[in-house]
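**Q** One structure, pasted below without further comment.
In this note's numbering, the protein residues as written are 1 to 77.
This is the structure:
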């Protein structure tokens with residue numbers, strides 16, 4: 001089972017796009033997805049405010065600049 005945590009905030013088109021990528025990959029891989037709204041956590045807001053979406057795939061963190069279909073797929077098993 002692959003574990004993905006998606007750090008997002010409301011009204012974020014990039015977050016929606018990345019969520020769609022993960023959904024697409026879930027058709028080929030077993031994926032447990034947890035979506036975390038950073039706006040509900042002060043520490044996460046400080047850490048990720050200008051970086052969302054951030055995707056953690058099986059322990060590897062990818063920020064919005066490095067998230068691609070291929071980058072996610074390379075980290076899945």
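Quick reminder that beta carbons are idealized off the backbone N, C-alpha and C, glycines included.
Using DSSP bridges, identify the partner residues of residue 5.
**A** On the chain shown, residue 5 is found 5 positions in, with the first residue counted as 1. According to DSSP, residue 5 bridges with 34, 56.
**Q** Distance, Cα to Cα, residue 58 vs residue 50?
**A** Position 58 of the chain shown, counted from the first residue, corresponds to residue 58. Position 50 of the chain shown, counted from the first residue, corresponds to residue 50. So the alpha carbons of these two residues sit roughly 23 Å apart.
**Q** Taking the CB atoms as reference points, tell me whether residue 14 and residue 69 lie closer together than 9 Å.
**A** Mapped onto the chain shown, residue 14 falls at position 14. Mapped onto the chain shown, residue 69 falls at position 69. Against a cut-off of 9 Å, the Cβ pair of residue 69 and residue 14 comes out as no contact.
**Q** Starting from residue 62, follow its DSSP beta bridges and name the residues at the other end.
**A** Translated into the one-based positions of the chain shown, residue 62 becomes position 62. Partner(s): 55.
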